[in-house]
Amino acid sequence: MLALLVLPLALAVGAPGFANPTSGSGVVPDRSSTGEQNGVGLMRIVVADKSGIDRLNALGVDLAEYVKPVDNGIEVHAILSPEESQALRDEGFDVQDAISDQGDYAQNMAERSAAIRAATAATASTDTLTVLRSEWFSSLDNQLFLNVEVKSSAGTDSTTVLTASWDSGPGTEIGSGGTATMSRFTDAGQYMYHRFSNPVPITAAPARATITSNKGGSVTVDVAKWLGSPRKDPGKHPYVSDFVDHYMDPTEVTARFTNLAAEFPKLTELIDLPYKTNGYRRNAQAQFGTAAASTVYVTSTAYGSEGGNEVTMSLVNPGTANAPLTVSVSGKAVTVSLATNGSGAITSTAAQVVAAVNGNVDAAKLLTASTYRGNAGTGVVAAAPVTQLTDNLKAPVSVSREPFQMKVLRIGKHRDGSKVGVFLYCQEHAREWVTPLVCLESAERLLRNYAQDPNTRKIVDDLDIFILPVVNPDGAHYSMYDFNMQRRNMTNYCPASNGDPGRRNAWGVDINRNFSVGSVFDGYVGASATNCTSDTFAGPSELSEPEARNEVWLVDHFPNIKLSMNTHSYGGYFMWPPGAYKAEGREVLPRVDQGTEAYFWTSSDYILSRVQEYRGTAIWPGRTGPVTDVLYSAAGNSADEHWYNRGIIGWDFEVGADIYNPTTGRFSAVGFQPPFAEGHEEAMEFANGNIAILEVARAYATDKIQPKTALKVVKQEAGATAFTFSTSEPANVYYTLDGSRPTFNSPKLALAGMREGVQNITVNSDTTVNWFSIDIAGNVESNYKPDGEGKNYNKQAVGVQ
Ligand SMILES: [Zn+2]
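With mature numbering (1 follows the signal peptide of the UniProt record, and there is no 0) as the guide, the letters of the sequence shown map in order to residues -19 to -1, 1 to 782.
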């Protein structure tokens, strides 16, 4: 950086030949420079042409190795003092704003110093290790695995290394089970914690593990069993399952749902969602030429299925000298007769053909012409025979080209809004072919077991279940018949510069980025607002897409919906909000409160144990938790929409857990479309998960049990006592330290940190603590009325030595 300060102060104002550097080309600078500049800066300069660069070089200006063509000339970057900038401006150079200057430098250095200070402070003393999770579990083929997550107080220092050693069962020595180095997990530049990037295969279930840090810290913890908690009522009755035998397109899946509704009229109704999709259709196109400058492409005005596929165009060599460029239309045939010169050679350029076609009133009714990807189109086109435009859609005629009617199957004995609603929805992303099968299998099991299985009957009698098997039907049809990796819907928001047939697989909106909470339009990360060909293109605005609006309509129209599950693939995850953060400082959407987070973890154990029952698949603890903690930021996703706007618990599955190969000792990913034999297994095990979610929802709906709490002193030293609360079930605790009645406005017991346990509260003098607790279903401890006058809250004195 110091080199910047040693400038070649070579600007001899009024040097020969330096009269007016931009006037030669007749291009006027696009804006007068108002660029603020704080000390020496890297400044943007726009010159009209190469000669402007030569003049800057001749003046000894320190130019960066950067040249970029811009609308009105060439942009170069130069290192200049404010005086030098002014001198150049006085001479007519268009010196614009600073890319960076001494203000940025100072900020960089301050950041650097702060980071070094923090690292030094962190390492000055032995680091403190906080264990977030320590679990063992078994997965496919009864292979055992260990998962450990530990946060070091010196973790911001990248040289901090943690090592875990574990025993081989109760009473055995630490280390006898194995030892492994943990990896430092960072996200958006911030230290999160240390973990194993994959669970470690082990041979015996450990009882304890010791984690040591090279900065001196050490901690020993018990290792708990993850998943496998037994079913409370294992059900002795016949239970039928397995209703899917091939990957299905949205037309097939919707037909199955329609048939189910007809077969079970007492238990179901079919809801037509109000917004039809744009449809499995698009405009027909043809491209003439291959070289960018001489290529023309045309797009039909009508969708291919509505006449666009019948339009033709030809580029004809008239075969005579000095012919003009003309366009004629007969029926749906557009004929372009190309211009020639005196010797009969074609002279029409791509740009001229585009202008002629678009300028012909009859042709413009049929199609629009464009040059290739924004090219100026100065190349001469080649003659081309009659070419039929095509939408190039390959689905059989059984797949309608009309806007798609999305249908929700509502299942429940009492569908009057009096029961807790659960919304299960699948296939927001088209290429995730297993996901609609999860929704379909879940619906079939509920209806076909109702008569014989008491557990199913309880669920259907006590809940109001809404199942939407395909959120993105147009994209899903396209994924199955045209381009299997299609993720988005089929609606094209690209301008002509990205609208040619070669871009047909790159259009569409990512439905799970089109929602209105924590969206890219609000400044959150994980979607694109500007790049129409990005696979996470969020659309032109929040909720621009009918598919997203339909989800919102459903949860608005049925306010009894309290839980939702958004099923995706792949990787094997179970997640909940928050699902997005802003890049700056990794500012996460508000985290759920302590009681809710505890409820989510308890529910995870139940739900994922049911997933595991099918074939042993364990969803890893490291893939269980808030989206932002275990996956990445997904700006504008639907689970955040449901939770933050309506308080609906918004869960996400990623079906398709990695499969462990005991021979190689490696996990391998299953992908979006595994062979059906594997896809089938995923559908079965996650349908188990959906049924478990309904059991959890029913427990929530019928929960009348009040939580119980106890105050626990955890640390007492001179002048300070720390305490916390334990609860009999996941619950929030509201407390006061000033002797007043606790209410919902009182402080709430929080988590100590991400993936950590509850906080400790420290008091410095003898204190009377008053508190009550409330579970997620709204049951208040001792039936206390926080808004009333009663004194039946908990009360305990905490002494300070
Ligand atoms: Zn997805």
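Built from N, CA and C at the ideal position, the CB exists for glycine as well.
Residue i CB to nearest heavy atom of ligand 1 below 7 Å
i	result
glutamate 526	no
asparagine 493	yes
histidine 410	yes
histidine 538	no
histidine 549	yes
Buried versus exposed call for residue i [16 or more other C-beta atoms within 10 Å across all chains shown]
i	result
proline 688	buried
asparagine 618	buried
serine 522	exposed
residue 795	Not covered by the structure: residue 795. The range shown for the chain is -19 to 782.
serine 194	buried
valine 277	buried
serine 281	buried
asparagine 773	exposed
lysine 196	buried
methionine 556	buried
lysine 375	exposed
methionine 90	exposed
phenylalanine 447	buried
valine 694	exposed
isoleucine 542	buried
valine 451	buried
phenylalanine 653	buried
serine 4	With a pLDDT of 35 at serine 4, under the threshold of 50, the predicted position of this residue should be treated as unreliable, and no value is reported.
8 Å Cβ cutoff met for residue i and residue j
i	j	result
leucine 251	phenylalanine 238	yes
leucine 732	glutamate 578	yes
proline 571	proline 559	yes
alanine 668	glutamate 422	yes
glycine 660	tryptophan 414	yes
alanine 615	asparagine 713	no
valine 200	arginine 189	no
proline 384	threonine 258	yes
threonine 690	phenylalanine 706	yes
valine 279	leucine 390	no
aspartate 747	alanine 701	no
serine 134	leucine 125	no
valine 27	aspartate 82	no
arginine 114	asparagine 128	yes
valine 781	asparagine 745	yes
glycine 289	alanine 314	no
glycine 483	aspartate 445	no
Residue range of the unbroken beta strand (DSSP E) whose run includes residue i
i	result
threonine 702	701 to 708
lysine 196	Note, lysine 196: premise wrong, no beta strand (DSSP E); not H, not E.
isoleucine 742	742 to 744
glutamine 369	365 to 369
aspartate 445	444 to 449
threonine 144	143 to 147
proline 231	Not the beta strand (DSSP E): proline 231 falls in the alpha helix (DSSP H), residues 231 to 244.
methionine 461	Run containing methionine 461: none in the beta strand (DSSP E); it sits in the alpha helix (DSSP H), 454 to 462.
isoleucine 755	748 to 756
asparagine 264	264 to 269
phenylalanine 667	Counting along the chain, phenylalanine 667 falls outside any beta strand (DSSP E), though it belongs to the alpha helix (DSSP H) covering 657 to 683.
threonine 258	Counting along the chain, threonine 258 falls outside any beta strand (DSSP E), and DSSP gives it neither H nor E.
tryptophan 557	554 to 557
alanine 68	No beta strand (DSSP E) contains alanine 68, which is instead part of the alpha helix (DSSP H) from 63 to 71.
Limits of the unbroken alpha helix (DSSP H) element including residue i
i	result
lysine 346	342 to 347
valine 536	527 to 538
phenylalanine 581	575 to 596
lysine 31	31 to 39
alanine 620	619 to 627
Heavy atom of ligand 2 within 7 Å of residue i beta-carbon
i	result
glutamate 413	By its list of ligands, the structure shown excludes ligand 2, since it contains just ligand 1.
#### Entry: Cβ pair count under 8 Å reaching 3, the segment 428 to 435 against the segment 677 to 686
no
### Message
Taking 8 Å as the cut-off, does the segment 314 to 329 touch the segment 395 to 409 (at least 3 CB pairs, one atom from each stretch)?
### Response
no
### Three-pair Cβ contact test at 8 Å for the segment 419 to 427 versus the segment 457 to 470
Judged by Cβ distances under 8 Å, the segment 419 to 427 makes no contact with the segment 457 to 470, as fewer than three pairs qualify.
### Task
Please confirm if the segment 298 to 311 is in contact with the segment 498 to 507, defined as three or more CB-CB distances below 8 Å between the two stretches.
no
### Task
Would you be able to state if there are at least three C-beta pairs under 8 Å between the segment 583 to 601 and the segment 723 to 739?
no
### Message
Would the segment 511 to 518 count as touching the segment 575 to 594 if we require 3 or more Cβ pairs under 8 Å?
### Response
Touching, no, given that fewer than three Cβ pairs across the two stretches are closer than 8 Å.
### Query
Does the pairing of the segment 322 to 335 with the segment 352 to 367 give three or more beta-carbon distances under 8 Å?
Because the criterion of three Cβ pairs below 8 Å is met, the segment 322 to 335 and the segment 352 to 367 touch.
### Query
Are three or more beta carbon pairs between the segment 176 to 183 and the segment 147 to 159 nearer than 8 Å?
yes
### Task
Give a yes or no on contact between the segment 739 to 756 and the segment 715 to 731, applying the rule of three or more CB pairs nearer than 8 Å.
yes
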